[in-house]
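Participant: Numbering of the sequence shown is given in full-length UniProt numbering, commencing with residue 1 and proceeding in unit increments.
Quick reminder that beta carbons are idealized off the backbone N, C-alpha and C, glycines included.
Computed from a predicted structure; not experimentally measured.
Right, I'll just put the structure down here and ask away after.
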Amino acid sequence: MNKKRWGALVIAGILLVGSLVTNAVSQSVFSQQSQSFEDLLMNSGDWEQVVIEEGTPTKSIALLTVDGVIQDTNAPSQLFESVSYNHDQFIEQLEHIAESDDFKGAVISVNTPGGGVMESAQIHKKIQEVQKAGKPVYISMGAMAASGGYYIAAPADKIFASQETLTGSLGVIMQSINFEGLAEKYGVDFVTIKSGPYKDIMSSYREMTDEERNILQGMVDRSYDGFVKVISEGRGMSEQDVRRIADGRIYDGYQAKELNLIDEFGYEEDAIQALKKDHNLGDAQVVSLSKGTSFASLFQMGAKKMIGDDLGLVEAIQTFSNPNAPRLMYLYAE
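Here you go:
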């Protein structure tokens with residue numbers, strides 16, 4: 001072995017030992033400081049109120065926003081995930097409103113094509129908890145409040161939308177991509193070793209069997225039944241009438257009003273004024289809620305700034321490499 005190779009081995013050994021020592025020291029330090037670091041994050045995450053309309057603080061109306069696809073993205077661990085909608089934080093906001101004596105109602109601005117079945121059901125439940133606490137919830141639909149966006153709106157005391165709002169798309173969808181033909185064309189062979197016949201159900205690498213399709217269709221049908229029930233109970237309609245209009249098509253504001261899917265034409269400010277008038281809250285303060293900026297969110301924003309124009313490519317890669325997909329969705333899919 002020549003001198004260069006011996007030198008390389010020595011350097012590699014030094015680096016390995018140094019890495020082990022550094023790792024041991026850093027773990028020890030982190031263990032000692034973990035509690036104080038957690039406290040820092042918790043303290044930086046206290047609720048902050050931004051006053052939208054002045055009024056009586058002990059008689060407040062919360063203004064919340066659902067903007068973007070409704071899904072639990074595990075934002076802190078997904079460095080480049082979109083921060084337009086934070087599911088955990090939105091759930092916490094609803095819980096805070098339900099528990100705080102200062103809040104007397106809430107207006108939720110909804111601008112979304114929908115999202116996950118589980119996440120939509122979770123929001124629906126939390127909205128009902130706010131209502132059970134004696135606090136009305138009004139919905140203001142934006143440009144789009146489709147599928148899961150309507151699911152979370154259904155239990156509201158009153159729903160506002162513009163004449164141009166796109167809503168509806170009432171139903172469930174489950175999608176996957178089949179690469180089998182493309183793989184055969186380029187001579188790519190996918191090898192799967194599985195413990196049972198359905199372990200790779202809805203695989204992207206082979207055609208789905210009729211039996212597998214029936215299994216998944218049963219899941220979709222059960223979720224659809226749940227969607228129908230939510231609309232029926234929330235809007236005071238018979239399940240038969242709901243099924244007649246819940247065929248997946250989208251509706252504009254005019255159609256939604258005729259079908260009793262919304263109550264009034266209007267925007268966010270109209271929903272706020274209606275809530276005040278309907279529930280004797282004329283002197284109420286209107287506030288938005290947000291969490292204090294944490295280290296994680298600052299790091300996330302900084303990373304996004306550095307990535308710049310390549311962020312779209314990163315997000316696209318994440319979408320197609322997501323191990324949790326496909327899944328049941330209340331989503332308007334073009």
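1. Determine contact between the stretch 261-273 and the stretch 184-199, defined as no fewer than three beta-carbon pairs at a distance below 8 Å.
2. Do you know whose CA, among S232, K185, E95, D157, lies nearest I139's CA?
3. CB Y254 to CB G168, shorter than 9 Å?
4. Among R206, T165, I201, G236, which one has its Cα closest to the Cα of R213?
5. Counting along the chain, where does the beta strand (DSSP E) carrying F103 start and finish?
6. By how many angstroms is the C-alpha of T58 removed from the C-alpha of A333?
7. Output the boundary residues of the alpha helix (DSSP H) element that contains I70.
8. How many Å lie between S147 and V69 at the Cα?
9. Please confirm whether L289 and H96 have their CB atoms less than 9 Å apart.
10. If you draw a straight line from the C-alpha of E54 to the C-alpha of G282, how long is it?
11. Under the three-state reduction of DSSP, which class applies to M219: helix, strand or coil?
12. With a CB to CB cut of under 7 Å and the five nearest residues on each side skipped, what residues in its chain are close to E180?
13. Cβ of A177 within 9 Å of Cβ of L331?
14. So what's Q175 in DSSP terms, helix, strand or just coil?
15. State the Cα-Cα distance for the pair G236 and T165, rounded to the nearest angstrom.
16. Checking the sheet assignment: what are the DSSP bridge partners for N161?
17. Spatial neighbours of residue 355 within its chain, please: C-beta separation below 6 Å, excluding the five flanking residues on both sides.
18. Measuring CA to CA, which of V220, Q71, S223, D241 is closest to L259?
19. Where S84 and A256 are concerned, what is the direct C-alpha to C-alpha distance, given to the nearest angstrom?
20. Kindly indicate which three-state DSSP category S84 falls into: helix, strand or coil?
21. Does the distance from the C-beta atom of K135 to that of A284 stay below 9 Å?
22. Let me make sure I understand the geometry here. Which of K125, V66, I127, V130 has the alpha-carbon closest to that of T112?
23. Buried or exposed: where does A143 fall if 16 or more other Cβ atoms within 10 Å of its Cβ makes it buried?
24. By Cβ distance below 7 Å, which residues in the same chain neighbour Q128 in space, the five residues on each side in sequence not counted?
25. My output table needs one value for V188: the three-state DSSP class, helix, strand or coil.
26. Do M329 and G149 have their C-beta atoms within less than 9 Å of each other?
27. As a quick exercise: from Y186, E119, L261, G248, pick the residue whose alpha carbon is nearest that of Y224.
28. Give me the residue from A62, V50, I123 with the minimum Cα distance to Q273.
29. Assuming E48 is part of the alpha helix (DSSP H), what are its boundary residues?
30. Would you call the CB atoms of L170 and I245 closer than 9 Å?
31. In or out: A145 buried (at least 16 other Cβ within 10 Å) or exposed?
32. DSSP three-state label for M118, please.
33. Starting from I152, follow the alpha helix (DSSP H) in both directions and report where the run begins and ends.
34. Under a Cβ-count criterion, where at least 16 other Cβ atoms within 10 Å of its own Cβ denotes burial, should D263 be classed as buried or exposed?
Facilitator: This is what the structure gives:
1. no
2. D157
3. no
4. I201
5. 103-112
6. 42 Å
7. Unbroken run through I70: none, as it is neither H nor E.
8. 11 Å
9. yes
10. 11 Å
11. helix
12. Y205, R206, E207
13. Per the sequence shown, the amino acid found at residue 177 is Ile instead of Ala. Cβ atoms of I177 and L331: not closer than 9 Å.
14. coil
15. 22 Å
16. Per the sequence shown, the amino acid found at residue 161 is Ala instead of Asn. In DSSP, A161 forms a bridge with F265.
17. For the chain, the structure presents residues 1 to 334; residue 355 sits outside this window and is missing.
18. D241
19. 26 Å
20. coil
21. no
22. V66
23. exposed
24. P155
25. coil
26. no
27. G248
28. A62
29. Premise fails: E48 lies in the beta strand (DSSP E), 47-53, not in any alpha helix (DSSP H).
30. yes
31. buried
32. helix
33. 148-153
34. buried
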